[in-house]
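Comments concern the structure below.
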């Protein structure tokens with residue numbers, strides 16, 4: 198990134214003393230690679246209010262930082278006053294010690310938490326042997342990759358859902374490679390912290406900085422490493438940063454700092470001794486429960502209870518173990534310093550820890566001993582709150598979200614255009630019976646997590662535990678308050694966010710950012726807690742809109758009562774309804790065979806349609822040779838949302854030909870033509886090269902236009918800074934290798 202102080206170039210990785218009146222100018226990223234750069238100010242930005250201890254911004258949720266949004270021209274940021282006598286001398290890290298920013302990244306990662314038994318062994322190797330392309334959907338909330346689809350080792354996801362990538366919801370490690378259906382996505386800092394898709398690979402702590410520099414158009418390759426090598430790399434990085442801090446403080450000289458970039462090839466990568474994702478499994482212990490331990494990189498440990506099936510007894514064990522673990526930290530300072538966070542979810546507990554301060558083996562042994570002390574919880578009594586919420590089954594916002602999904606992601610599927618019909622059909626019930634289930638069942642909150650208190654609930658009565666696959670691919674947008682179903686669970690989305698659960702209705706959003714509305718607080722901006730119970734009553738569109746308006750104005754009061762949930766009564770219900778549940782599951786299985794066959798047929802058809810719509814490269818080459826042909830290019834990486842004209846259409850200057858979509862923004866693309874002397878030209882579209890739902894890269898050709906009338910004295914030639922190989926007309930996989938053009942086009946009069 199180019200930077201100047203009063204017009205003089207300033208290198209990156211430099212400490213500066215800037216006086217009042219001087220001008221620091223930060224330019225755009227240059228072509229050397231990387232995605233983000235940071236300006237650190239001594240004393241910070243005191244006028245920016247922290248939100249839950251952070252001044253960072255989450256633009257996806259419009260939370261934190263400066264009004265929850267990116268900075269814009271005219272914004273004013275107050276800085277701390279600095280006395281002149283506190284000025285430190287300039288220090289600059291020499292180039293040979295700086296990180297290397299590239300357009301291709303080789304990133305160290307560890308296997309797990311889910312690979313063996315979920316992906317066939319050859320395709321586990323494929324993940325590490327493939328050079329993956331970073332798609333246009335690359336943000337702090339998720340970095341989608343483009344590449345081959347793995348073959349799955351399972352027929353389905355069990356109670357997690359019908360697709361083999363589905364599992365029972367669990368906590369996601371930071372930096373993990375998550376498979377949302379058949380689509381891989383790296384989960385960075387603003388990503389979901391829990392969900393129901395497998396994660397096969399997790400970036401190690403020492404390489405997380407690389408994840409923060411990935412941008413659309415880059416390529417990456419994973420390098421498998423062992424836990425031992427991951428911790429060694431982390432130790433090297435921490436020693437490097439400590440040495441740099443000492444240098445800045447004047448406590449050491451430059452020669453004492455050893456370069457660590459580029460990262461060297463690790464011994465375990467060469468030898469193949471990188472270990473296993475599943476690191477330990479107990480026999481059945483106290484309370485009739487078994488424990489499975491899976492690694493998620495060098496700083497996450499996933500503890501699973503039971504056999505991969507939903508069970509509220511297991512959720513009680515998760516809560517009890519989490520409580521016992523926190524009590525142990527309170528009395529053990531060394532343990533407390535080694536633990537960052539725990540995430541309880543459904544049948545599992547994810548622990549974020551410092552592997553340099555607490556070994557993986559010692560952590561596993563501690564958790565096993567704590568669980569033995571917890572004992573049998575099958576007769577426990579759990580404090581709970583029972584809520585009564587409105588639900589509308591005819592949500593215009595959800596209908597718009599479905600339509601956008603059809604136009605930009607997948608045009609047809611058994612769950613389109615009506616998610617409710619799909620959920621009913623795949624469970625062997627009617628639409629009306631599905632509505633009755635929503636209106637009569639008590640749902641238990643078994644997980645409250647990412648995106649502002651997203652609440653995952655399990656029907657308390659096992660006779661009404663529907664099951665359905667999450668959407669493949671998952672949506673990039675879900676309206677706030679969406680009531681949805683995925684796997685065996687109902688879910689409430691509290692804010693606009695990505696998601697994969699089938700949308701089945703809409704209720705009141707369950708989140709207040711400032712915590713000032715009734716039933717919320719500044720320390721608890723999300724409404725629900727684990728073991729809350731939720732029931733619904735039906736309302737129409739107009740009534741829900743009135744309730745939403747009252748909620749936004751702070752006048753809505755949630756209906757709930759405090760109750761006790763008795764696990765002994767619940768376990769009695771499980772025993773009494775066992776035969777009914779078996780009968781219902783049998784009917785479900787019959788319906789699911791039919792619907793999954795339809796899903797396979799639809800998916801195969803969609804793949805064939807995408808292949809059929811690709812324009813042959815030789816046809817593109819012939820068009821490019823015609824001097825009267827003008828090309829319309831994509832200005833950025835995006836999805837194609839709408840194509841407004843077909844082959845042979847006559848268009849005029851400035852008419853919008855194609856509308857692209859990138860991260861919920863619409864980008865209109867038109868050809869302005871030659872407007873000299875007020876002439877408004879017209880063009881004939883010779884060939885449309887893209888279809889709705891296609892993914893295009895910056896510089897990809899969208900269509901070929903021919904002037905309706907032109908001559909050698911009055912024609913314009915569209916030129917392009919890169920002319921050697923056209924990017925147009927290629928498949929998604931082929932497009933990812935095309936160059937990224939920095940100018941859309943230029944005009945040359947001939």
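Numbering (the numbering used here), first residue to last: 198 to 947. Glycine included, C-beta positions come from ideal geometry on N, C-alpha and C. All of these numbers come straight from a predicted model, not from anything done at the bench.
1. Kindly say whether residue 257, judged by its beta-carbon, lies nearer than 7 Å to any beta-carbon of chain B.
2. With respect to 6 Å, is the separation between the Cβ of residue 844 and the closest non-hydrogen atom of the ligand ADP below this value?
3. Please confirm whether residue 590 and residue 737 have their CB atoms less than 7 Å apart.
4. Between residue 159 and residue 675, how many whole angstroms is the CB-CB distance? I'm expecting something under 8 Å.
5. So residue 476 and residue 455 are supposed to be a Cβ contact under 8 Å. How far apart are they, rounded?
6. May I ask you to report which of helix, strand or coil DSSP gives residue 591?
7. Can you find the residues in the same chain that come closer than 6 Å, C-beta to C-beta, to residue 301, ignoring five residues on each side of it along the sequence?
8. Between the stretch 368–387 and the stretch 664–678, do three or more beta carbon pairs fall short of 8 Å?
9. Applying the criterion that 16 or more other CB atoms from any shown protein chain within 10 Å of the CB defines a buried residue, is residue 687 buried or exposed?
10. I need the boundaries of the alpha helix (DSSP H) containing residue 657, first residue and last residue.
11. Which residues in the same chain have their Cβ closer than 6 Å to the Cβ of residue 209, if we skip the five residues on either side of it in sequence?
12. What first and last residue would you give for the alpha helix (DSSP H) that runs through residue 558?
13. Thinking just about the alpha-carbon of each residue, which of 299, 677 and 241 is nearest to the one in residue 274?
14. Suppose you measure from the CA of residue 331 to the CA of residue 288; what does that come to, to the nearest Å?
15. Opposite residue 840 in the DSSP bridges: which residues?
16. Per DSSP, which one or two residues make a beta bridge with residue 363?
17. For residue 513, name the three-state secondary structure that DSSP assigns.
18. What residue does the alpha helix (DSSP H) around residue 639 start on, and which one ends it?
19. Let me know if residue 629 comes out buried or exposed under the rule of 16 or more other beta-carbons within 10 Å of its beta-carbon.
20. Just reading off the alpha helix (DSSP H) that residue 780 is part of, what are its end residues?
21. So the alpha helix (DSSP H) residue 425 belongs to, where does it begin and stop?
22. Please go through the same chain and pick out, in chain order, the residues whose beta-carbon is closer than 6 Å to the beta-carbon of residue 404, but skip the five residues on each side of it.
23. In angstroms with no decimal places, state the Cα-to-Cα distance between residue 557 and residue 402.
24. To the nearest angstrom, how far is it from the Cα of residue 533 to the Cα of residue 570?
25. Would you kindly check if the distance between the Cβ of residue 650 and the Cβ of residue 708 is under 7 Å?
26. Among 882, 545, 891 and 641, which one has its Cα closest to the Cα of residue 847?
27. Given this structure, state the Cα-to-Cα distance separating residue 422 from residue 827, to the nearest angstrom.
28. If I measure Cβ to Cβ from residue 526 and keep anything under 8 Å in the same chain, skipping five residues before and after, which residues do I get?
29. Please report the Cβ distance between residue 516 and residue 646, rounded to the nearest whole angstrom; I am assuming they are in contact, meaning their Cβ atoms lie under 8 Å.
30. Are the CB atoms of residue 358 and residue 542 within a distance shorter than 7 Å?
31. Nearest to residue 659 by alpha carbon, out of 680, 648, 594 and 634?
32. Please classify residue 619 as buried or exposed, where buried requires at least 16 neighbouring CB atoms within 10 angstroms.
33. May I ask you to report which of helix, strand or coil DSSP gives residue 273?
34. Enumerate in chain order the residues of its own chain whose CB-to-CB distance from residue 410 is below 7 Å, with the five nearest sequence positions on each side excluded.
35. Count the C-beta pairs between the stretch 600–616 and the stretch 770–789 that are closer than 8 Å, then say yes if the count reaches three, no if not.
36. Mind the definition here: the stretch 453–467 touches the stretch 423–436 only if three or more C-beta pairs lie below 8 Å; say whether that holds.
The relevant details are as follows:
1. Reference to chain B is not applicable here, since this structure consists of a single protein chain.
2. Among the ligands in the structure shown, none appear at all, so the ligand ADP cannot be discussed.
3. With a cutoff of 7 Å on beta-carbon distance, residue 590 and residue 737 are scored as not near each other.
4. One cannot answer for residue 159 here, as it falls past the ends of the chain, which runs 198 to 947.
5. That pair is no contact at about 32 Å.
6. Note: residue 591 maps to coil in three-state DSSP.
7. 416.
8. Three or more beta-carbon pairs drawn from the stretch 368–387 and the stretch 664–678 are found closer than 8 Å, and the two stretches are therefore classed as touching.
9. buried
10. Taken as a continuous stretch (DSSP letters only), residue 657 belongs to no alpha helix (DSSP H), as it is neither H nor E.
11. none
12. Element bounds for residue 558: 557–571.
13. 241
14. 35 Å
15. Answer is 855.
16. According to DSSP, residue 363 shares a beta bridge with 394.
17. Three-state DSSP puts residue 513 in a helix.
18. Neither: residue 639 is in no alpha helix (DSSP H) and is coded neither H nor E.
19. The residue in question, residue 629, is exposed, as its Cβ has fewer than 16 Cβ neighbours within 10 Å.
20. 775–809
21. Here the alpha helix (DSSP H) through residue 425 covers 424–445.
22. 304 and 305
23. Approximately 15 Å between the Cα atoms of the pair.
24. 20 Å
25. Against a cut-off of 7 Å, the Cβ pair of residue 650 and residue 708 comes out as a contact.
26. 882
27. 50 Å
28. Only 532, 533 and 536 meet the Cβ criterion.
29. The pair is not a contact, with the Cβ atoms about 14 Å apart (cut-off 8 Å).
30. no
31. 634
32. buried
33. coil
34. 231, 232, 233 and 298
35. The stretch 600–616, when compared against the stretch 770–789, does not touch it at the 8 Å Cβ threshold.
36. Under the Cβ criterion (8 Å, minimum of three pairs), the stretch 453–467 counts as touching the stretch 423–436.
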